[in-house]
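Right, one structure below, let's go through it.
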Ligand code: 13P
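In this note's numbering, the protein residues as written are 53 to 395.
Pasting the structure below:
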């Protein structure tokens with residue numbers, strides 16, 4: 053079978069020891085993160101913040117792609133080079149978040165449907181012209197005693213599949229992200245059940261919409277107890293449940309699975325990924341990361357909007373990316389944290 057450019061792109065995003073930086077927070081989410089560190093959120097401070105990550109020396113060793121956002125993909129760095137070009141010059145692929153957010157779903161109290169399909173073909177054409185070679189769409193699934201509803205799972209799976217097939221038509225690799233939230237007091241067993249249902253619905257929809265599975269990446273949550281669950285699972289339990297769930301529901305044709313961090317502490321996100329990769333058992337896909345908070349938070353704590361802290365922030369990011377890269381190879385050891393810069 054002929055390997056398409058799309059397949060090559062998808063494979064390159066999960067090259068050995070490499071993963072993705074999710075830097076696609078909307079201005080309003082970014083404002084919350086910056087406010088929490090007493091940094092005023094302006095288009096200029098958001099640009100400076102993103103540039104800190106994108107110009108970290110040597111980062112292309114660990115980062116294959118960066119997911120940008122509508123504002124960021126159009127911005128220029130301090131030396132006048134567009135931010136996507138700054139990445140491309142280092143061999144890092146620019147990607148773009150193309151959904152327009154999770155909105156309250158009519159008829160389904162407490163649940164959301166991700167919007168953004170209208171006009172998507174034209175937006176993808178424009179983003180491709182700006183250098184984007186992959187995209188992201190995030191569906192959000194809440195867990196409760198009676199949630200998720202079948203209606204929300206089906207509608208979100210259908211939208212993910214319509215998005216994915218449009219991306220492939222426009223030569224863009226879709227990252228398919230169905231996120232089962234960690235919010236709540238549900239057990240790890242309940243997370244596994246819901247994540248399995250959701251993945252099943254998503255792959256049914258991808259199949260129905262004729263999405264080429266060889267040219268997507270899946271971005272799921274790990275199988276983990278809810279944040280408020282009194283019984284938190286060990287790293288081995290998380291890894292075993294995650295791998296079992298993925299093995300049951302993700303076809304082997306998919307080249308890579310890049311986890312979101314979803315609110316896990318950065319050390320837990322690294323450890324879990326490493327243990328998942330260390331476990332015995334069939335792993336037909338690459339297992340790597342597409343972390344947002346778990347890659348950025350330590351650097352943000354140090355940077356605090358001050359150019360004098362830029363280098364230290366970059367060192368913290370470099371260190372985190374190095375640890376996550378080791379985890380993607382199943383070689384992370386907490387002793388690696390020894391020399392890490394602290395906020
Ligand atoms: P987190 O790793 O912070 O969950 O962000 C990843 C992401 O892209 C969520 O859509």
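Every residue gets a Cβ at the ideal spot worked out from N, C-alpha and C, and that includes glycine.
Ordered along the chain, which non-local residues of its own chain (more than five positions away) have a Cβ less than 8 Å from that of residue i?
| i | result |
| --- | --- |
| residue 189 | 149, 150, 151, 166, 168, 211, 212, 215, 216, 226, 227, 228 and 229 |
| residue 256 | 209 |
| residue 248 | 297, 300 and 301 |
Buried or exposed, going by whether 16 or more other CB atoms sit within 10 Å of the CB of residue i?
| i | result |
| --- | --- |
| residue 350 | buried |
| residue 45 | Missing from the structure shown is residue 45; the chain here goes from 53 to 395 and no further. |
| residue 376 | buried |
| residue 53 | With a pLDDT of 47 at residue 53, under the threshold of 50, the modelled position of that residue is not reliable, and the figure given next carries that caveat. Exposed: under 16 other Cβ atoms inside 10 Å. |
| residue 334 | exposed |
| residue 313 | buried |
| residue 307 | buried |
| residue 178 | exposed |
| residue 146 | buried |
| residue 300 | exposed |
| residue 70 | buried |
| residue 481 | There is no way to answer for residue 481, as the model of the chain reaches only from 53 to 395. |
| residue 278 | buried |
| residue 304 | exposed |
| residue 385 | exposed |
| residue 372 | buried |
| residue 132 | exposed |
With H, G and I counted as helix, E and B as strand and the rest as coil, what does DSSP make of residue i?
| i | result |
| --- | --- |
| residue 355 | helix |
| residue 343 | strand |
| residue 290 | helix |
| residue 328 | helix |
| residue 109 | coil |
| residue 128 | strand |
| residue 163 | coil |
| residue 262 | coil |
| residue 240 | helix |
| residue 394 | Residue confidence is low: residue 394 scores 45 on pLDDT, short of 50, so the model does not pin down where it sits. No coordinate-derived value is stated. |
| residue 116 | strand |
| residue 411 | Outside the displayed span of the chain (53 to 395) sits residue 411, for which this structure offers no information. |
| residue 53 | Note that residue 53 has pLDDT 47, beneath the 50 cutoff, so the model's placement of it is unreliable and no number is given. |
| residue 305 | coil |
| residue 147 | strand |
| residue 378 | helix |
| residue 270 | strand |
| residue 155 | strand |
| residue 335 | coil |
| residue 93 | coil |
For residue i, which of the options has the nearest alpha-carbon?
| i | options | result |
| --- | --- | --- |
| residue 95 | 110, 74, 105 and 122 | 122 |
| residue 268 | 254, 281 and 275 | 254 |
| residue 378 | 240, 323 and 219 | 323 |
| residue 66 | 139, 271 and 101 | 271 |
| residue 286 | 196, 142, 187 and 321 | 321 |
| residue 368 | 380, 384, 266 and 346 | 346 |
| residue 261 | 218, 197 and 170 | 218 |
| residue 170 | 58, 153 and 344 | 153 |
| residue 363 | 106, 176, 141 and 344 | 106 |
| residue 180 | 243, 161, 160 and 140 | 140 |
| residue 112 | 64, 250, 100 and 296 | 64 |
| residue 361 | 173, 108, 207 and 129 | 108 |
| residue 79 | 120, 206, 57 and 131 | 120 |
| residue 100 | 380, 357 and 249 | 357 |
| residue 161 | 196, 258, 242 and 250 | 196 |
| residue 172 | 259, 221 and 68 | 221 |
Take residue i and list the residues in its own chain whose beta-carbon comes closer than 6 Å to its own, dropping the five residues that flank it on each side.
| i | result |
| --- | --- |
| residue 72 | 117, 310 and 342 |
| residue 61 | 185 and 225 |
| residue 365 | 104, 351, 354 and 355 |
| residue 395 | Note that residue 395 scores 37 on pLDDT, short of 50, meaning its location in the model is unreliable and no value can be drawn from it. |
| residue 192 | 154, 164 and 231 |
| residue 86 | 93 |
| residue 329 | 339 and 382 |
| residue 284 | 277 |
| residue 266 | 59 and 305 |
Whose C-beta lies closer than 7 Å to the C-beta of residue i among residues of the same chain, with five residues either side of it excluded?
| i | result |
| --- | --- |
| residue 163 | 157, 194, 199, 200, 201 and 204 |
| residue 388 | 375 and 378 |
| residue 182 | 125 and 136 |
| residue 288 | 327 |
| residue 280 | 236 and 237 |
| residue 82 | 93 and 98 |
| residue 110 | 370 |
| residue 102 | 75, 124 and 135 |
| residue 294 | 274, 275 and 328 |
Subject >> In chain order, each beta strand (DSSP E) run of at least 3 residues that lies wholly inside the region 55 to 90 >> reply: Within the region 55 to 90, complete beta strand (DSSP E) segments of at least 3 residues are found at 71 to 74, given in chain order.
Original post:
Going along the chain, which unbroken runs of the alpha helix (DSSP H) with 4 or more residues stay wholly within the region 168 to 256?
Top reply: Taking only runs of at least 4 residues, the alpha helix (DSSP H) segments lying wholly in the region 168 to 256 are 172 to 181 and 202 to 221.
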